[in-house]
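Protein sequences appear in the order of chains X and R.
All the letters of the first sequence, read from the start, carry residue numbers 1044 to 1507 under the numbering used here.
All the letters of the second sequence, read from the start, carry residue numbers 112 to 215 under the numbering used here.
Take a look at the structure set out below.
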Amino acid sequence: MQITDLVIIGAGPAGMAAAATAANAGLHVILLDEQRRPGGQIYRDVDRVAPIRGELLGKDYIDGLPLTAGLDHGNITHISGAVVWSIEEGIRVLYTADGRGGAIEAKRILIATGALERPMPLPGWTLPGVMTAGAAQILLKQSGVLSKNAVLVGSGPLLYLIAAQMIRAGTPPLALVETQTRADFLRALPHLGGALRGWRYLFKGLTMLSEIRRAGVRRYTSATNISIEGETSADGIRFIAGGKPRHIPCDTVLLHHGVVPNTQAARSIDVAHHWDARQHCFVPNLDDWGGTNVETVHIAGDGAGIGGAKAAALAGRLAALKTAADLGAISTIERDTAAKPIRRRIARELAVRPFLDAVFPPAIEATKPADATIICRCEEITAGDIRRHAGIGCVGPNQAKAFSRAGMGPCQGRYCGLTVSSLLAEANSATMDETGYYRIRPPLKPVTLGELAAMGGSVNSATN
Amino acid sequence: MKTASSFLELEEGRPLVPVWFEGRELQLPKGSNLAAAMLAAGVGTFRYTPVSGAPRAPFCMMGACFDCLVEVDGVTRQACMLEVTDGLRLSMPRKGRDVTDADN
């Protein structure tokens, strides 16, 4: 099999920008992505959708167009609909696409798998009609589908963006139930100076808030005791705000309290991670090019720590420059010269983050759920189950997995991992780093025997 | 299963094609995201969990949560990762633990 210079997993902003930069430097690049069209989640289907409802979605969405255009390069092979299920040392990436297995050998790999919604286990969050706010965004971007009777719950700027887009589309949300408090705001104030360097983001936030106010959408803040009600699907939400119990009948509940790096691929090849106390998530240990403890592996974008789409694209370019220099396509002087302005722009993009992280912290009742709340959606394990296992000596998430099956369902811990680790850390009075995270093993996504059998020519080199 | 959808679908002018889910005929926009189209057509429950039999529907829409599983040609697939094709025949994943036992 031919060995390509660089294989990139994920065609979001980081992956697309990296592919273009590496290709322009002369590298041969294979870009693998699960979706049919490039864009990742933030620019989902932007090529097709921008002309249809670009105005409704706003400039931040249309900004993805130059990135997808950059993929039109002779050195880039974009394999769409490709689900990566294993990464092997060497490097060999195994994937399935259109019912067939495939394998790619490469000298270097860039993991650009982006972010996942931070799990938000609240009573009733497994009911039909409850989705992540990100899911609502994807429904609107890709499919033009909006909930008619939705309540947005949690904290963070994404809630305001979705509310504003729903208002523009003529289906405003019924209410915003927000968990951040006045104390969070006061804690965030010292970061306001730094945030002013990213004033465009603050300005955008204030504009969206005034759009929400003008539309008459009610905002409740410091909400607590949130529970979603319904038998066969969500039909209402209860919470306490302003000292009063509230109930809002609704069909859809959209949850969001931040996004966290999707670390599955990196963890599966033993990239070291640590707990980031400011962002409340595990992030990979990286050098200032996105390099990891595994020499051939770089990580860029939100999978490296949450910085947003613009910062992700810039980080993708840095990792591509480093890779191009490592493989001798450009000199280190060329690399460093090109990197300098990129680093300045990244610093500007990230300036607002400490303020945002402090003003919109994760909702405490979802990071420390009540005993009866399901925390592992796949295996229907409750927070109480995990605490009980901690009580009989379970110290780490891999033990908890064996004790309870938490994290052993098809999502492989993507929507329970952080909760399980934080429940164990709290019960055992240990740090998140001491507690650790699930060991992630291939297959990263389910693969059928039929797909393996149809691996075709590549199977020979894959097994030799 | 809901009959009136709690979702609004912005018109894109895609031709509608028949798709069967649990024997019920749905008219869905060809080439659109299957999970989104099913939600817009009023499908409230996509499956029942193998553990407790609880109803589930799409949660993440990005291929990560596996809550939107449906069965296509005997294989359990994520509806949010499929496109609507003419004459697609879908059912809820069969009872039993074939889904969750397939990994780890």
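Backbone N, C-alpha and C fix where the C-beta goes; we use that ideal spot for every residue, glycine too.
Please read these numbers as outputs of a predicted model, since none were measured by experiment.
### Message
Taking 7 Å as the limit between beta carbons, can you name the residues of its chain near X:I1271, skipping five residues before and five after?
### Response
L1165, P1166, G1167, W1168, L1170, V1173, A1277, I1280, V1296
### Message
According to DSSP, is X:N1305 part of a helix, a strand, or is it coil?
### Response
Coil.
### Message
DSSP three-state label for X:T1047, please.
### Response
Strand, per DSSP.
### Query
Hey, does X:K1191 have any beta-carbon neighbour from chain A nearer than 8 Å?
No chain A is present in this structure, whose protein chains are X and R.
### Cβ contact (3+ pairs, closer than 8 Å) linking the stretch 1086-1100 of chain X and the stretch 1122-1132 of chain X
Verdict: no, contact absent.
#### Entry: Interface residues of chain X facing R:R167 [CB-CB closer than 9 Å]
For R:R167, the chain X residues whose Cβ falls inside 9 Å of its Cβ are T1169, L1170, P1171, R1420, in order along the chain.
### Query
Between the Cα of R:S202 and the Cα atoms of R:E133, R:E120, R:S117, which residue gives the shortest distance?
Among R:E133, R:E120, R:S117, the Cα nearest to that of R:S202 belongs to R:E133.
### Query
Is there a Cβ from chain X that is less than 8 Å from the Cβ of R:V186?
yes
### Query
What distance in whole Å lies between the Cβ atoms of R:L121 and X:G1187, which are believed to be in contact at a cut-off of 8 Å?
3 Å
### Task
Using a Cβ-Cβ cut-off of less than 8 Å, give me the residues of the stretch 117-148 of chain R that come near chain X, in sequence order.
Residues passing the 8 Å Cβ filter: S117, F118, L119, E120, L121, E122, E123, S143, N144, A147, A148.
### Query
Can you give the beta carbon distance from X:M1451 to X:S1464, rounded, assuming they're within the 8 Å contact cut?
The beta-carbon separation of X:M1451 and X:S1464, rounded to 15 Å, does not stay under the 8 Å limit for a contact.
### Query
DSSP state of X:T1478, grouped into three classes?
helix
### Task
List the DSSP bridge partners of X:G1279.
X:E1272, X:P1292
### Message
Going by DSSP in three states, X:L1370 sits in which element: helix, strand or coil?
### Response
coil
### Query
Can you tell me the Cα-Cα spacing of X:L1075 and X:A1226, whole angstroms?
44 Å
### Three-state class that DSSP yields for X:G1213 in the structure shown
Under the three-state reduction of DSSP output, X:G1213 falls in the coil class, being neither helix nor strand.
### Task
Go through its chain and collect everything with a Cβ distance to R:D209's Cβ below 6 Å, but skip five positions before and after it.
Only weak support exists for where R:D209 lies, its pLDDT of 49 falling under 50; the value from the coordinates is given anyway. The answer is none, since no qualifying residue turns up.
### Query
Among X:H1323, X:P1288, X:I1312, which one has its Cα closest to the Cα of X:V1303?
X:H1323
### Message
If we define contact as Cβ-Cβ less than 8 Å, is R:G155 a contact residue for chain X?
### Response
yes
### Task
Return the CA-CA distance between R:E194 and X:Q1442, expressed in angstroms with no decimal places.
R:E194 and X:Q1442: Cα-Cα distance of roughly 39 Å.
### Query
Where R:F157 and X:V1050 are concerned, what is the direct C-alpha to C-alpha distance, given to the nearest angstrom?
35 Å
### Close-in-space but distant-in-sequence residues of the same chain around X:T1139 (CB under 6 Å, 5 per side omitted)
V1126, V1490, E1494
### Query
Counting contacts by CB-CB distance shorter than 8 Å, is X:Q1185 in contact with chain R?
For X:Q1185, the answer is yes, since a Cβ of chain R falls inside 8 Å of its Cβ.
### Message
Which residue wins for smallest C-alpha separation from X:A1155, given the options X:L1487, X:L1329, X:H1121, X:A1308?
### Response
X:A1308
### Query
At a cut of 8 Å, does the stretch 1200-1214 of chain X reach the stretch 1376-1394 of chain X through at least three beta carbon pairs?
no
### Message
Alpha carbons only, please: which of X:A1354, X:T1335, X:A1065 is nearest the one belonging to X:D1048?
### Response
Measuring from the Cα of X:D1048, the nearest candidate turns out to be X:A1065.
### Query
Would X:K1287 be called buried (16 or more neighbouring beta carbons within 10 Å of its own) or exposed?
Its Cβ having fewer than 16 others within 10 Å, X:K1287 is exposed.
### Query
What separation, rounded to the nearest whole angstrom, lies between the Cα atoms of R:F118 and X:I1119?
38 Å
### Query
Looking at C-beta atoms only, is the number of pairs between the stretch 1222-1238 of chain X and the stretch 1249-1266 of chain X that lie closer than 8 Å three or more?
yes
### Query
Sorted by chain position, which residues of the same chain lie with C-beta nearer than 7 Å to X:I1312's C-beta, five sequence neighbours on each side aside?
I1130, V1337, V1340
### Query
Is there a Cβ from chain X that is less than 8 Å from the Cβ of R:T160?
yes
### Query
Buried or exposed: X:K1102, going by 16 or more other Cβ atoms within 10 Å of its Cβ?
exposed
#### Entry: Cβ-based neighbour list, X:A1068, same chain, cut-off 8 Å, excluding 5 preceding and 5 following
A1363, L1364, A1367, A1372, I1373
### Message
Would R:M173 and X:I1181 be called neighbours here (beta carbons separated by less than 8 Å)?
### Response
A contact, by the Cβ cut-off of 8 Å.
### Message
Quick check on R:R158: does DSSP put it in helix, strand or coil?
### Response
Three-state result, R:R158: strand.
### Query
Under a CB-based cut-off of 8 Å, is X:A1231 close to chain R?
no
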